[in-house]
Every structure is written in structure tokens, then in C-alpha cells.
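Numbering (our numbering), first residue to last: 14 to 229. Each residue gets a CB set at the ideal place from its N, CA and C atoms; glycine is no exception. These numbers were taken from a predicted model, which means no experiment stands behind them.
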């Protein structure tokens with residue numbers, strides 16, 4: 014119980030720290046937001062006190078899982094699964110509501126001024142709220158999803174995730190998670206000029222970073 018309490022306290026502390034710094038430092042996760050996303054990349058993206066939330070929620074799941082191996086009523090299981098899927102879907106596609114509707118800002122520009130012509134069309138409050146909570150909500154949703162599946166309440170999602178085809182990748186995912194920020198940094202820092210956005214270029218970047226992260 015002490016371990017659960019301490020881990021939960023550290024998780025909440027990290028989330029609160031992230032919210033505070035997002036609003037005071039004016040961070041943005043939207044990659045078109047110029048100076049705001051540069052600050053986020055330098056001050057938050059790979060920093061342990063910000064990134065710890067994902068690890069801590071995984072630790073909480075591992076600690077709480079033996080205590081939750083009991084029957085859960087069908088409607089509760091369906092409700093939890095529906096909330097998880099809605100949250101993951103929303104976080105995945107919410108940026109289509111305006112986060113990338115204008116040209117990308119230069120590194121010295123910001124979308125938070127009244128006469129801004131670049132970056133997202135979201136209000137500063139919306140951008141800060143998304144940046145402050147998206148990672149923790151995503152991690153929490155994945156943890157709940159895994160908990161449901163491991164307890165036999167995952168339904169069709171659990172059946173799909175139980176396919177043996179995922180077994181080789183499952184042995185590599187944590188290592189890829191740890192390594193991929195370094196791969197991204199090396200890839201970006203190797204550029205000698207700005208890139209023009211294209212679906213093809215973004216897809217190739219995604220595939221190359223993924224392959225190298227898993228291979229490493």
C-alpha cells in the first residue's frame with residue numbers, strides 16, 4: 014500500500030508540475046507553434062520530471078493489477094472500455110480542429126498574439142490545456158485498457174491484442190520507447206535547412222525513426 018501511495022503521489026506531482034510549467038512557460042505540443050514548441054522541446058519533451066508520468070502509471074498498473082483480479086460487471090467493463098476508446102480517439106484526432114490549419118511558425122514566431130498568421134488557431138488556453146494534460150490522459154487510458162485486457166475484460170480489443178503476432182514486438186516496445194527520443198533528436202539536428210511539410214516526407218520520417226528505434 015505504501016508503494017502504491019508513493020507512486021500515485023509522484024504521478025500527481027508530475028502532472029501538477031507539468032500543468033504549472035505549461036501555463037507559466039507557455040509550452041505547446043503542436044509542432045507548427047514556433048517558439049512555443051521550441052520551448053516545449055527544450056524544457057519538457059525528454060525531461061524526467063515531465064516524462065515520468067507514463068512510467069509511473071505503468072508501475073501503478075503493475076502494483077494494482079493483483080488486487081483487481083475479480084469479476085467486474087458487464088456494464089462497468091463496457092463503460093470503462095468506451096471511455097478509454099473515446100479518450101484515445103479524441104486525443105489522436107483533436108489536432109484536426111485547428112492545430113495545423115495555418116502555416117508553420119518560424120522559431121521566433123508565436124501563434125498566441127492577436128495578429129498571428131501562423132501556427133494553430135486554438136486559443137492559448139486550449140493549447141496549454143492540451144499540452145498539459147494530453148500525455149497524462151493518454152498514459153492513463155492505455156493503463157486502464159491494459160488492466161481490462163489483462164483481467165479478461167478487454168472484449169474484442171483484448172482478443173486482438175492477444176494475437177501471437179504481437180509477441181515479437183512486445184519484447185521490443187519498451188526499449189524503442191526509451192530510445193526513440195534520441196533517434197528523433199539525431200534526425201532533426203542533422204538537418205541543415207528547414208523542411209517543407211509533405212505527407213510523404215512525414216510518413217518516411219515516421220517509418221525511419223520507428224525502424225531504427227526498434228532495431229537499436
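- Secondary structure within the segment 88 to 163: the alpha helix (DSSP H) runs of 4 or more consecutive residues, fully enclosed, are 137 to 163 (chain order).
- For residue 17, the closest alpha carbon among the candidates 60, 71, 115 and 45 is that of 71.
- The alpha-carbon of residue 115 is positioned some 23 Å away from that of residue 102.
- DSSP places residue 55 within a helical segment (H, G or I) once states are collapsed to three.
- Spanning the alpha carbons of residue 158 and residue 97 requires a straight line of approximately 7 Å.
- Membership of residue 66 in the alpha helix (DSSP H) is indicated by the continuous run 61 to 77.
- If you draw a 10 Å sphere on the C-beta of residue 222, you find 16 or more other C-beta atoms in it, and that means buried.
- Of the other Cβ atoms in all chains shown, fewer than 16 fall within 10 Å of the Cβ of residue 190; this residue is therefore exposed.
- Under the three-state reduction of DSSP output, residue 205 falls in the coil class, being neither helix nor strand.
- Going by beta carbons, residue 39 and residue 29 fall outside the 8 Å limit.
- In the three-state reduction of the DSSP assignment, residue 14 falls in the coil class.
- Using a 10 angstroms sphere on the CB of residue 176, the tally of other CB atoms stays under 16, which defines it as exposed.
- Taken through DSSP and simplified to helix, strand or coil, residue 31 comes out as helix.
- Taking C-beta atoms under 8 Å as the contact rule, residue 62 and residue 27 qualify, at a distance of about 6 Å.
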